[in-house]
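For reference, the structure discussed in these notes is given below.
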Amino acid sequence: KAGVTQTPRYLIKTRGQQVTLSCSPISGHRSVSWYQQTPGQGLQFLFEYFSETQRNKGNFPGRFSGRQFSNSRSEMNVSTLELGDSALYLCASSLVFGELFFGEGSRLTVL
Amino acid sequence: SQQGEEDPQALSIQEGENATMNCSYKTSINNLQWYRQNSGRGLVHLILIRSNEREKHSGRLRVTLDTSKKSSSLLITASRAADTASYFCATDNYGQNFVFGPGTRLSVLP
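So the protein sequences, as listed, match chains U and A.
If you count the first sequence from 1, you need to add 1 to reach my numbering.
If you count the second sequence from 1, you need to add 409 to reach my numbering.
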């Protein structure tokens with residue numbers, strides 16, 4: 002069974018640009034969560050989707066948004082990038098609200 | 410605010426020794442999980458312990474949970490160099506979301 006796939010793995014953007022990250026969950030998993038990981042703040046919850054609906058949202062500004070498609074694949078978008086958005090963005094899928102299966106992450110560098 | 414807080418922040422031991430990491434949390438939980446992260450990679454689930462369980466084992470891992478003290482510990486026995494990683498506890502706020510602690514960086518020296 003294929004694991005959680007995140008693309009792209011690495012990307013470099015400049016301030017003011019926007020970025021879209023993609024996550025393909027494990028087949029059959031309908032819940033997809035997104036986390037931001039930085040050295041200073043650790044793992045911060047962004048949002049969680051289940052069956053195309055956002056069920057939970059963390060304390061991030063509106064520049065951070067996401068969506069989930071009917072095939073459970075998810076995307077997150079960050080608009081008007083700031084230097085502080087540089088981070089490892091992790092996607093996790095789960096079958097039920099329990100064990101999370103993480104992808105390898107998308108490492109975003111904002112210059 | 411973060412729910413879980415691991416202690417210590419960093420731990421360095423010799424191969425073959427045991428490593429103990431602690432996690433404290435603030436509010437009631439449904440379950441608590443431990444994850445491992447190798448440098449810059451995704452997290453890997455290690456073990457889940459439910460709020461009505463006190464101890465759980467998985468291979469060389471032993472997890473305890475004390476809900477009265479709102480704390481958990483992860484013991485890795487007979488550590489190996491491959492155990493070098495960061496370890497995170499995550500608490501489940503009754504279906505709202507998982508909250509991760511800052512993690513413990515474990516270094517196992519050969």
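Glycine residues also receive a C-beta, built at the ideal position from the N, C-alpha and C atoms.
Computed from a predicted structure; not experimentally measured.
Against chain A, the beta carbon of Glu105/U has neighbours under 7 Å at Arg450, Gly451, listed in chain order. Going by DSSP, Ile456/A is part of the beta strand (DSSP E) stretching over 452–459. Beta-bridge partners assigned by DSSP to Ser516/A: Ser421/A. Around the C-beta of Leu518/A, fewer than 16 other C-beta atoms lie within 10 Å, and the residue is accordingly described as exposed.
With respect to chain A, the C-beta atom of Phe61/U has no partner C-beta closer than 9 Å. Excluding five sequence positions before and after Phe507/A, the CB atoms of its chain that fall closer than 8 Å to its own CB belong to Gln442, Ala499, Thr500, Asp501, given in chain order. Judged by beta-carbon spacing, Tyr36/U lies within the 9 Å limit of Cys92/U, meaning their Cβ atoms are closer than that value. The beta carbon of Asn57/U sits closer than 9 Å to some beta carbon of chain A. The region 444–458 of chain A and the region 472–486 of chain A touch, with three or more beta-carbon pairs separated by less than 8 Å. For Ala494/A, the enclosing beta strand (DSSP E) covers residues 494–501. At least one CB atom of chain A sits nearer than 9 Å to the CB of Glu100/U. For Gly67/U, the enclosing beta strand (DSSP E) has its first and last residue at 65–69. Using a 10 angstroms sphere on the CB of Pro62/U, the tally of other CB atoms stays under 16, which defines it as exposed.
By the Cβ-count criterion, Pro511/A is buried, with 16 or more other Cβ atoms from all chains shown falling within 10 Å of its own Cβ. A contact between stretches requires three or more CB pairs, one per stretch, nearer than 8 Å, and the region 69–86 of chain U fails this requirement with the region 416–426 of chain A. Per DSSP, Val5/U lies in no beta strand (DSSP E) segment and is marked neither H nor E. At a C-beta separation below 8 Å, Glu49/U has these neighbours in chain A: Asn506.
Here the alpha carbon of Lys435/A sits roughly 38 Å from the alpha carbon of Thr15/U.
The beta carbon of Glu49/U sits closer than 6 Å to the beta carbons of Ser34, Arg56, Asn57 from its chain, once the five residues preceding and following it are set aside; these are given in chain order.
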